[in-house]
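Everything on this sheet refers to the single structure shown next.
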Ligand SMILES: Cc1ncc(COP(=O)(O)O)c(C=O)c1O
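Printed below as a string of structure tokens:
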């Protein structure tokens, strides 16, 4: 559920009152990038990683950052406080702005549009943690710069809908016989006690939750490798996890109607999930940046 107060170009106002020009290039061309930042007990989680990735995505579309990390942190702080704190997630979008007309070529000196709003982060249901979720596979039909967190998400939307149609939670994407990622998640597999994740590159988004998984795996002394994952490896994995900001880590227990492992969330998932929860607790009260 969206929370009432949003940020638009330096102003805080009711979300219902926010207005953007239909000539904004986000509307005409999806000429925009975004971040989704989880907030636990009023504190943004991995804010620096999200701010760094926003700058990286902006550079990928040839835009300077319209605000510093500190300014972004201040926007987040105000949104969180004005929307009542607690567990939320923040959506932050920077578009190239509105021009009078429609030109593919990038206009010079256009003021960007900065929009951010907050939503309530609903608690994860006990059933998901006990039973896991199901996923289907599909061919990855997205563009060639998936490392840029662009709002041009039509392929992701259509791919996600395939899982909705199939009564599943996520669509896991394959390209040339290799795992890339999910429609809105990083996919980790566990084989013989080792976590394996496809390497970052242009074919996938560098996930911020992935970095937490890697850090916690190292703390727990669980092996963690970055390397290609073939379709065959995906299908024979002992465990499959989805990692993404709004949910942390989730276990996939069915893939295309076959059980993953013994069909229940695996032992390594339980350890990693517990460590994730503890890590969020450890960070409470520490500076967000
Ligand atoms: C395509 C895609 N891959 C991976 C992720 C996971 O990224 P993060 O962990 O930073 O949320 C997302 C998150 O929305 C995504 O949309």
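Residue numbers (our numbering): 716 to 1004. Note that the Cβ used here is the ideal one computed from N, Cα and C, for glycine as well. The structure presented is a predicted model; accordingly, all values stated were derived computationally and were not measured.
Secondary structure note for residue 963: its beta strand (DSSP E) is the uninterrupted segment 963 to 970. Residue 925 and residue 958 have their alpha carbons spaced roughly 6 Å apart. Only exposed fits residue 933, as fewer than 16 other CB atoms lie within 10 angstroms of its CB. For residue 958, the CB falls within less than 7 Å of some heavy atom of ligand 1.
By the CB criterion at 8 Å, residue 851 and residue 813 fall outside the cutoff. Assignment of beta strand (DSSP E) within the stretch 808 to 837, counting only whole runs of 3 or more residues, yields 828 to 835 in chain order. Where residue 854 is concerned, the enclosing beta strand (DSSP E) starts and stops at 848 to 854. Relative to ligand 1, residue 787 has its C-beta separated by 7 Å or more from all heavy atoms. A buried status is given to residue 919, since no fewer than 16 other beta-carbon atoms sit within 10 Å of its beta-carbon. In the assembly as shown, residue 997 is an exposed residue. Its beta-carbon has fewer than 16 other beta-carbons within 10 Å. Contact check for residue 804 against residue 753 passes: the beta carbons are separated by less than 8 Å. Taking all protein chains in view, the Cβ of residue 1004 is surrounded by fewer than 16 other Cβ atoms within 10 Å, so the residue is classified as exposed. About 5 Å separates the beta carbon of residue 886 from that of residue 898, a gap short enough to meet the 8 Å contact definition. In the three-state reduction of the DSSP assignment, residue 930 falls in the helix class, which pools H, G and I.
Bounds of any beta strand (DSSP E) do not take in residue 947; it lies within the alpha helix (DSSP H) bounded by 946 to 951. Here residue 953 really is in contact with residue 905; their C-beta atoms are around 5 Å apart, less than 8 Å. Among the bridge pairs identified by DSSP, residue 910 is matched with 905, 939. By the criterion of at least three beta-carbon pairs nearer than 8 Å, the stretch 722 to 736 is in contact with the stretch 815 to 833.
Cβ neighbours of residue 945 within its own chain (closer than 8 Å, five residues either side excluded): 892, 893, 894. Distances between the C-beta of residue 923 and the heavy atoms of ligand 1 include at least one below 7 Å.
Going by DSSP, residue 755 is part of the beta strand (DSSP E) stretching over 747 to 755.
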